[in-house]
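S.K.: Take this structure, written in structure tokens, and hold onto it; I'll ask about it next.
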Amino acid sequence: MNIIAAMKECILMIGANGQIGSELAAALRVKFGKANVITSDIRPPKEIAEGEIFETLNVLDKEGIRALLEKYKPTQIYLLAAMLSATGEQYPQKAWDLNMNGLLNVLDLAVELGIKKIFWPSSIAVFGPHSPKIDTPQYCVMDPNSIYGISKLAGERLVEYYHNRYGLDIRSVRYPGIISWRTEPGGGTTDYAVHIFFEAIRQGKYTSFLSENTELPMLYMDDAVRGTIELMDAPESSLNIRSSYNLAGISFTPKQIAEEIKKILPNFEISYSENDPRQAIADSWPKSINDDEARKDWGWKPTFDLKAMTEDMLSNLKSKL
Ligand code: AKB
């Protein structure tokens with residue numbers, strides 16, 4: 001996208017205060033300018049820097065969304081408001097309501113008001129116990145058994161439907177667990193892989209709620225943000241998947257990440273709790289993901305391996321905490 005085209009874009013991000021939204025919004029502000037990225041969430045963030053635009057918005061309030069769309073006339077919507085897997089199991093009805101009706105509100109308003117381009121994230125949670133666990137392909141048996149995974153799979157079918165039926169240019173990736181140091185995640189099954197770094201710096205030890213050999217797909221935030229923007233910039237004609245692209249980064253277990261941390265912090269200690277409900281969710285998910293379609297269609301390529309990610313996390317957290 002050239003600079004003139006980029007400057008014409010205006011983005012409304014819904015659910016911008018979470019782990020991914022806060023970093024994606026920062027990258028989009030650099031790309032499009034602060035005045036062209038409107039962030040919104042159910043509560044204001046701790047700080048709103050000069051020149052940034054924030055609006056309080058509940059994604060279940062359809063008329064509230066309409067008012068913001070009419071006020072700012074965005075060309076793109078990023079819908080990140082969702083309840084994640086672990087919290088979803090505590091509040092299944094609320095998770096379904098937020099994840100499905102929030103999406104439907106945005107899709108219906110986009111059709112009505114002619115906003116074509118939308119980003120909506122799916123998740124590796126769309127896979128289930130009968131999906132292949134290793135190198136999980138784009139297309140396979142999908143039988144998610146968490147309410148979050150069920151809502152994301154239903155969402156994938158909806159976004160493809162709205163693309164086919166109404167011509168919306170909705171783009172999506174199935175995020176694995178995202179690792180970041182600026183904002184801590186909340187309510188997910190993969191959160192241990194972020195908390196372990198914070199606690200390594202704060203306490204020198206960590207009790208993992210997942211067992212030592214639970215392998216899950218993860219991705220470093222820098223790669224996740226870059227990949228998301230690359231997908232949104234890709235020519236529409238190159239996209240063959242209108243549900244959601246598999247996206248892979250690094251797969252590792254709590255034991256492997258602890259070993260990598262010990263190379264930098266030799267006194268770091270890890271222990272494991274038992275009977276955590278998040279273990280069953282993790283056991284139903286893939287261990288590794290095949291993302292050939294994303295590589296082929298829009299040039300996706302992750303850059304951080306476990307070593308590079310661990311070094312970057314620990315050096316940033318040492319300065320931050
Ligand atoms: C979660 O653990 O619920 C999320 C996800 C993989 O979508 N991080």
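By the UniProt record's numbering, the letter at position 22 of the sequence shown is numbered 22, and the numbering carries on one by one without gaps.
We put the CB at the ideal spot given by N, CA and C, even for glycine.
#1: According to the neighbour-count rule (16 or more other Cβ atoms, all chains shown, within 10 Å of its Cβ), is Ser319 buried or exposed?
#2: On a Cα-Cα basis, can you pick out the residue from Asp108, Met142 and Thr87 that is closest to Tyr148?
#3: For Asn17 versus Trp181, is the C-beta distance shorter than 8 angstroms?
#4: Quick one, which of Phe198, Leu107, Arg242 and Phe209 has its alpha-carbon nearest Thr183's?
#5: Does the beta-carbon of Asn101 have 16 or more other beta-carbons within 10 angstroms, so that it is buried, or is it exposed?
#6: Identify the residues that DSSP records as bridge partners of Phe119: which are they?
#7: In terms of alpha-carbon separation, which member of Phe32, Glu52 and Gln90 lies closest to Arg278?
#8: Can you give the Cα-Cα distance for Asp97 and Thr190, rounded to whole angstroms?
#9: Quick one: does the C-beta of Pro286 sit closer than 7 angstroms to a heavy atom of the ligand AKB?
#10: Kindly indicate which three-state DSSP category Glu9 falls into: helix, strand or coil?
#11: From this set, Thr228, Met232 and Phe268, which residue's C-alpha is nearest Tyr206's C-alpha?
#12: Assuming Leu24 contacts Gly187 (C-beta within less than 8 angstroms), just tell me the rounded distance between them.
#13: What separation, rounded to the nearest whole angstrom, lies between the Cα atoms of Ala154 and Ala224?
#14: Going by other Cβ atoms of all chains shown within 10 Å of its Cβ, with 16 needed for buried, is Asp292 buried or exposed?
#15: Please go through the same chain and pick out, in chain order, the residues whose beta-carbon is closer than 8 angstroms to the beta-carbon of Leu60, but skip the five residues on each side of it.
#16: Counting along the chain, where does the beta strand (DSSP E) carrying Glu55 start and finish?
#17: Give a single yes or no on whether Tyr91 has its beta carbon closer than 7 angstroms to a heavy atom of the ligand AKB.
#18: Are there 16 or more other CB atoms within 10 angstroms of the CB of Ala200, so buried, or fewer, so exposed?
#19: Taking a contact to mean a Cβ-Cβ separation below 8 angstroms, would you say Gly128 touches Val173 in this structure?
#20: Is the segment 281-288 close to the segment 214-224, with three or more CB pairs under 8 angstroms?
#21: Apply the 10 Å Cβ neighbour rule to Leu113 and answer buried if 16 or more other Cβ atoms are within range, or exposed otherwise.
#22: Look at the alpha carbon of Pro137 and the alpha carbon of Ala248, and state the distance between them as a whole number of angstroms.
#23: Once the 5 residues before and after Val126 are set aside, which same chain residues still bring their CB inside 8 angstroms of it?
#24: Using a 10 Å radius around the Cβ and a threshold of 16 neighbouring Cβ atoms, would you call Pro44 buried or exposed?
#25: Would you say the beta carbon of Gln93 comes nearer than 7 angstroms to a heavy atom of the ligand COA?
#26: Could you name the residues of the same chain whose beta carbon sits closer than 7 angstroms to that of Val194, not counting the 5 residues immediately before and after it, in chain order?
#27: Report all residues from its chain with a CB closer than 7 angstroms to the CB of Pro92; omit the five preceding and five following residues, and keep chain order.
#28: Using the Cβ count rule (16 or more neighbours within 10 Å means buried), how would you classify Ile134?
#29: Flag Leu84 as yes when its Cβ comes closer than 7 angstroms to any non-hydrogen atom of the ligand AKB, and as no otherwise.
#30: Give the single residue among Asn36, Lys94, Glu52 and Ile48 whose Cα lies nearest to the Cα of Ile75.
#31: Please classify Thr310: does DSSP put it in a helix, a strand, or coil?
#32: Spell out whether any CB of chain D is found under 8 angstroms from the CB atom of Ala154.
M.R.: Judging by the given coordinates:
#1: When all chains shown are included, Ser319 counts as exposed.
#2: Closest option to Tyr148, Cα to Cα, is Thr87.
#3: Contact flag unset, no.
#4: When each option's Cα is compared against that of Thr183, the closest is Phe198.
#5: Classification for Asn101: exposed.
#6: DSSP, once it has assigned bridges, lists Tyr78 and Arg171 as partnering Phe119.
#7: Residue Gln90 holds the alpha-carbon nearest to the alpha-carbon of Arg278 among Phe32, Glu52 and Gln90.
#8: A straight-line Cα-Cα distance of about 22 angstroms links Asp97 and Thr190.
#9: Not under cutoff, so the answer is no.
#10: Looking at Glu9 - three-state DSSP - the assignment turns out to be coil, as it is neither helix nor strand.
#11: Checking every option, the nearest Cα to that of Tyr206 belongs to Phe268.
#12: Not quite, the Cβ-Cβ distance comes to about 18 angstroms (not below 8 angstroms), so this is no contact.
#13: So the alpha carbons of these two residues sit roughly 23 angstroms apart.
#14: Counting Cβ neighbours within 10 Å, Asp292 comes out exposed, since fewer than 16 surround it.
#15: If we look at Leu60 and ignore the five residues flanking it on each side, its Cβ neighbours are Asp97, Leu98, Asn101, Gly102 and Asn105.
#16: Here the beta strand (DSSP E) through Glu55 covers Ile53 to Thr56.
#17: For Tyr91, the Cβ stays outside the 7 angstroms cut-off from all heavy atoms of the ligand AKB.
#18: Burial call: buried.
#19: Between Gly128 and Val173, the CB-CB gap reaches or exceeds 8 angstroms.
#20: Output reads yes: the segment 214-224 touches the segment 281-288.
#21: If you draw a 10 Å sphere on the C-beta of Leu113, you find fewer than 16 other C-beta atoms in it, and that means exposed.
#22: Pro137 and Ala248 have their alpha carbons spaced roughly 11 angstroms apart.
#23: Within the same chain, and ignoring the five residues on either side of Val126 in sequence, the residues whose Cβ sits closer than 8 angstroms to its Cβ are Met142, Pro144, Gly149, Lys152, Leu153, Glu156, Arg174 and Ser244.
#24: The residue in question, Pro44, is exposed, as its Cβ has fewer than 16 Cβ neighbours within 10 Å.
#25: With respect to small molecules bound, the structure shown includes the ligand AKB and not the ligand COA.
#26: Cβ contact annotation for Val194 (same chain, cutoff 7 angstroms, sequence separation greater than five): Ile179, Ser180, Glu184 and Pro185, in chain order.
#27: The residues are Ile147.
#28: Its Cβ having fewer than 16 others within 10 Å, Ile134 is exposed.
#29: True, at least one ligand heavy atom lies under 7 angstroms from that Cβ.
#30: Residue identity check: residue 75 is Thr in the sequence provided, not Ile. Of the candidates Asn36, Lys94, Glu52 and Ile48, the one whose C-alpha sits nearest the C-alpha of Thr75 is Asn36.
#31: Taken through DSSP and simplified to helix, strand or coil, Thr310 comes out as helix.
#32: This model lacks chain D altogether, as it is built from one protein chain only.
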